[in-house]
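Below you'll find the structure, written out as structure tokens, and then a few comments.
2 protein chains.
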Amino acid sequence: MKVKVTIMLKDGVLDPQGEAVRHALGALGFDGINGVRQGKLIELDLAAGTTRADVTAMCEKLLANTVIESYAIEM
Amino acid sequence: MKVKVTIMLKDGVLDPQGEAVRHALGALGFDGINGVRQGKLIELDLAAGTTRADVTAMCEKLLANTVIESYAIEM
Numbered sequence: 005m006k007v008k009v010t011i012m013l014k015d016g017v018l019d020p021q022g023e024a025v026r027h028a029l030g031a032l033g034f035d036g037i038n039g040v041r042q043g044k045l046i047e048l049d050l051a052a053g054t055t056r057a058d059v060t061a062m063c064e065k066l067l068a069n070t071v072i073e074s075y076a077i078e079m
Numbered sequence: 005m006k007v008k009v010t011i012m013l014k015d016g017v018l019d020p021q022g023e024a025v026r027h028a029l030g031a032l033g034f035d036g037i038n039g040v041r042q043g044k045l046i047e048l049d050l051a052a053g054t055t056r057a058d059v060t061a062m063c064e065k066l067l068a069n070t071v072i073e074s075y076a077i078e079m
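Here you go:
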């Protein structure tokens with residue numbers, strides 16, 4: 005069973021990686037870049053029968069730093 | 005205009021970050037983790053009128069290393 009977890013920095017948390025990408029795109033001549041946020045996408049291949057609660061526990065315990073990051077589960 | 009770009013390592017390319025996550029989940033007591041792949045999610049806030057071709061150019065020139073990574077654009 006494939007499950008996708010997306011992890012992004014919460015709004016208001018500074019994203020230096022995204023800012024670096026924004027500057028680099030500008031330096032390459034791309035205009036109209038108003039903002040860039042960079043996050044993580046984790047694809048899990050799980051045994052059948054794994055519940056959303058299990059995946060939530062994985063996010064809370066390991067995958068996301070919930071102080072500064074939010075996560076979304078797609079399964 | 006919000007555009008999402010997901011960048012994953014191509015199949016067959018070793019993903020040590022994903023492997024580390026898999027081991028860590030196992031160590032935390034989560035069973036049935038058959039595989040983990042970790043990629044990037046980049047959210048771009050672009051000026052209206054930016055075309056898919058523009059975003060493709062951004063991916064090819066900067067965002068993705070197309071030798072080992074594949075990208076998908078959602079706009």
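These protein sequences, in sequence, are chains A and B. Under the numbering used here, the first residue of the first sequence is numbered 5, with each subsequent residue one higher. Under the numbering used here, the first residue of the second sequence is numbered 5, with each subsequent residue one higher. Glycine included, every Cβ here is placed at the ideal spot set by N, Cα and C.
For D58(A), the neighbours in chain B by C-beta distance under 8 Å run, in chain order, F34. Collapsing the DSSP output to three states places D35(B) in coil.
R26(A) counts as buried, since at least 16 other C-beta atoms from the protein chains shown sit within 10 angstroms of its C-beta. The alpha carbon of L48(A) has as its nearest neighbour, out of L50(B), Q42(B), I46(B) and G53(B), the alpha carbon of Q42(B). The Cβ atoms of A52(A) and M5(A) sit closer than 8 Å to each other.
The C-beta of I77(A) comes no closer than 8 Å to any C-beta of chain B. Taking N38(A) as reference, the option from G39(B), G30(B), L50(B) and G33(B) with the minimal CA-CA separation is L50(B).
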